[in-house]
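See below for the structure under consideration.
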Amino acid sequence: MHLTLSPVRTARKAAAAAAHARSASEPCHPALARLEGTVRALRSWSCCCGGAVDGSSSSYGLALLEAVLAALGETLATPRAAAALRDAGDQALDGFLALADAYGTFGSALLAARQSAADARAGARRGDGAAVAASARARRRTERELRHLAAAMRHASRHAAAVPGSPDAAGAEVIGVVAEATMAVAEASAVIFSRCAAMSPDVSAVSSRKWLARLGVAPATSKVAPETAASALERLEELEECIAGLESGSEKVFRRLLQSRVLLLNIRNPL
174 MHLTLSPVRT ARKAAAAAAH ARSASEPCHP ALARLEGTVR ALRSWSCCCG GAVDGSSSSY
234 GLALLEAVLA ALGETLATPR AAAALRDAGD QALDGFLALA DAYGTFGSAL LAARQSAADA
294 RAGARRGDGA AVAASARARR RTERELRHLA AAMRHASRHA AAVPGSPDAA GAEVIGVVAE
354 ATMAVAEASA VIFSRCAAMS PDVSAVSSRK WLARLGVAPA TSKVAPETAA SALERLEELE
414 ECIAGLESGS EKVFRRLLQS RVLLLNIRNP L
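Here the sequence shown is numbered in our numbering, starting from 174 and rising by one per residue.
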């Protein structure tokens, strides 16, 4: 029997019901407990970081994502998970493929954003207005791509991957927690992609510090003093470094997603 992709709220209730049904004589596997803990931490971050504007928060979100996927990998390697998920349909695998594809695109978008900041800095250093304008156009294209990615992740987060039902409480719990983790990853990814879409400044306005506050490069103030040319160039360089840090975190998440999909493939098609 297959359960159609259901809304997040329904899947959460199912996971909670499965956990409640677990016998006290069969305690939660340590790997499953770690996964549940990392998912709670990631959901807390996703819910609480909406008003934040510092770039370090996005890096922290990526670190939490990696922790969830690392714990998921440990869970998928257990015999209990293999038994519960062996009959899962291709939709579970497709879900991780979609997440991996999203992070592949995200990595390319971050590279483009870092390049546009570098081009803006080089153009500003030379006093080349055309180069600065071209970098601004490139940034806007990257911003649109990131917003599309965020929308795709928001859609994915509203639906859990279709998975088979399980006749026993332990199997149902594994299925529920894995689905919960998948949705938490999609939710957090939507937040991160949206924040990164807004993080790059309009490079034609590098005399303002307001955009720097969006990444935590400079504190937000109600009245913004003009930047000197040297300081503006320094801020653009700091922006490049911040994006490079996000690229590193994104690459780690991407690798974890690929590893999770390989584990699912091995469960689905054992040797």
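Glycine residues also receive a C-beta, built at the ideal position from the N, C-alpha and C atoms.
For the segment 284-303 against the segment 232-241, do three or more pairs of beta-carbon atoms, one drawn from each stretch, fall closer than 8 angstroms, so that the two count as touching? no
Can you tell me the Cα-Cα spacing of A291 and G277, whole angstroms?
-> Counted from its first residue, the sequence shown places residue 291 at position 118. Counted from its first residue, the sequence shown places residue 277 at position 104. Cα-Cα distance, rounded: 21 angstroms.
Q.
If contacts are defined as beta-carbon pairs under 8 angstroms, then A357 and R207 qualify, I think. What distance do you get, rounded to the angstrom?
A. Here the question's residue 357 lines up with position 184 in the sequence shown. Here the question's residue 207 lines up with position 34 in the sequence shown. About 14 angstroms separates the two Cβ atoms, so there is no contact after all.
List the endpoints of the continuous alpha helix (DSSP H) containing H202.
Residue numbering aside, residue 202 sits at position 29 when the sequence shown is read from its first letter. No alpha helix (DSSP H) contains H202, which DSSP labels as neither H nor E.
TODO: Give the DSSP-derived three-state secondary structure of L444 in the structure shown.
DONE: Taking the first residue of the sequence shown as position 1, residue 444 is located at position 271. Coil.
Quick one: what does DSSP say T251 is sitting in, helix, strand or coil?
If you number the sequence shown from 1, residue 251 lands on position 78. Three-state DSSP puts T251 in coil, outside helix and strand.
DSSP three-state call for D301: helix, strand or coil?
Position 128 of the sequence shown holds residue 301. Of the three classes helix, strand and coil, the one that applies to D301 here is coil, per DSSP.
C415 by DSSP, collapsed to three states: which one? Within the sequence shown, numbered from 1, the residue matching residue 415 stands at position 242. Reduced to three states, the DSSP call for C415 is helix.
**Asked** Count the other CB atoms within 10 Å of the CB of R313; is the residue buried (16 or more) or exposed (fewer)?
**Response** Along the sequence shown, one-based indexing puts residue 313 at 140. By the neighbour-count criterion, in which a residue is buried when 16 or more other Cβ atoms sit within 10 angstroms of its Cβ, R313 is exposed.
Exercise. On a CA-only basis, which of S362, A271 and S231 is nearest L419? Give me that one, please.
Key: For this step, residue 419 is matched to residue 246 along the sequence shown. Looking from the CA of L419, the closest CA among S362, A271 and S231 belongs to S231.
- Query: Using the C-alpha atoms, what's the distance from A303 back to L266?
  - Reply: As a working mapping, residue 266 is identified with position 93 in the sequence shown. As a working mapping, residue 303 is identified with position 130 in the sequence shown. Straight-line Cα distance between these residues: approximately 46 angstroms.
Problem set entry | Length-filtered (3 minimum) beta strand (DSSP E) runs lying within the segment 285-329 | none
Counted within 10 angstroms of its Cβ, other Cβ atoms place A258 as buried (16 or more) or exposed: Indexing the sequence shown from 1 puts residue 258 at position 85. The question names Ala, yet the displayed sequence has Leu at residue 258. It is buried - the Cβ of L258 has at least 16 other Cβ atoms within 10 Å.
**Request:** Throw me the rounded Cβ distance for the L235 and S423 pair, which I believe falls under 8 angstroms.
**Result:** Locating residue 235 in the sequence shown gives position 62, where the first residue counts as 1. Locating residue 423 in the sequence shown gives position 250, where the first residue counts as 1. In this structure, L235 and S423 form a Cβ contact; the two beta carbons are roughly 6 angstroms apart against a cut-off of 8 angstroms.
Notebook entry, point to check: Using DSSP with H/G/I as helix, E/B as strand and the rest coil, what is C220?
Noted result: What you label residue 220 is simply residue 47 of the sequence shown in a count that begins at 1. Correct three-state label for C220: helix.
query: From G300 to L249, what does the alpha carbon distance come to, in whole angstroms?
result: By 1-based counting over the sequence shown, the position of residue 300 is 127. By 1-based counting over the sequence shown, the position of residue 249 is 76. Rounded to the nearest angstrom, the two C-alpha atoms are 55 angstroms apart.
Under 6 angstroms Cβ to Cβ from I365, same chain only, skipping five residues before and after it: list those, please. Sequence index remark: in the sequence shown, residue 365 carries index 192 (1-based). Hits under 6 angstroms: S231 and G234.
query: Under the three-state reduction of DSSP, which class applies to R331: helix, strand or coil?
result: Residue numbering aside, residue 331 sits at position 158 when the sequence shown is read from its first letter. When secondary structure is reduced to three states using DSSP, R331 falls in the coil class, being assigned neither helix nor strand.
Tell me the rounded alpha-carbon separation between A324 and S330.
Indexing the sequence shown from 1 puts residue 324 at position 151. Indexing the sequence shown from 1 puts residue 330 at position 157. Taking the straight line from one Cα to the other gives about 10 angstroms.
- prompt: Closest by CA to A255, which one among F279, R429, E346 and I416?
  reply: To locate residue 255, count along the sequence shown from 1; it is residue 82. Closest option to A255, Cα to Cα, is E346.
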